[in-house]
Amino acid sequence: MLILPSTPCLISSGDGSFMISVDKKIINEEIQTFEAGFFMMFAVYYTLNIEYSEMACVTLEFIQRCFLSMNPDKPSKASKRKKSAMNQKVLTLLNRHGF
Numbered sequence: 001m002l003i004l005p006s007t008p009c010l011i012s013s014g015d016g017s018f019m020i021s022v023d024k025k026i027i028n029e030e031i032q033t034f035e036a037g038f039f040m041m042f043a044v045y046y047t048l049n050i051e052y053s054e055m056a057c058v059t060l061e062f063i064q065r066c067f068l069s070m071n072p073d074k075p076s077k078a079s080k081r082k083k084s085a086m087n088q089k090v091l092t093l094l095n096r097h098g099f
């Protein structure tokens, strides 16, 4: 039995296709490419206004700002307890690489 997280998750089906889960339920199990699933996962975060989990927030925020150019100048989707608009680690990495 597959234990699913409550946050949006992209899951490989093992046969070259992918699934998206949210709230511990599969919501789409017929995604044909990684790229489509990747974009759908971020779309779920934004359409359902879900904050990034603390364990993945730095990675997801970096991908969001650097590769997807989603809200590069707006506050983070990470927990509201942070004081800065952008995670300091993400800001440092973006500045180092000229983004």
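Numbering (my numbering) for the sequence shown: 1 to 99.
Ideal Cβ placement from N, Cα and C applies to all residues, glycine included.
All figures in this text were calculated on a predicted structure; none of them were measured in a lab.
ask   = Is I27 helix, strand or coil when you go by DSSP?
value = strand
message = Across the region 52 to 59 and the region 21 to 28, are there enough close Cβ pairs to call them in contact, namely three or more that are closer than 8 Å?
response = no
inquiry  = Using the three-state DSSP reduction, which class does I63 fall into: helix, strand or coil?
reply    = helix
query = Hey, would you say L10 sits closer than 9 Å to F34, going by beta carbons?
reply = yes
request  = With a cut-off of 8 Å on the beta carbons, I'd call N87 and E61 a contact; round off their distance for me.
outcome  = 5 Å
query = Going by DSSP, which residues form a beta bridge with M19?
reply = I11
request  = Could you tell me how far apart the beta carbons of N28 and M40 are, in whole angstroms, since I believe they sit closer than 8 Å?
outcome  = 7 Å
key: Three-state secondary structure assigned by DSSP to Q32   = coil
key: Exposed unless 16 or more other CB atoms sit within 10 angstroms - verdict on G37   = buried
query = Less than 9 Å separating the beta-carbons of V44 and P8?
reply = yes
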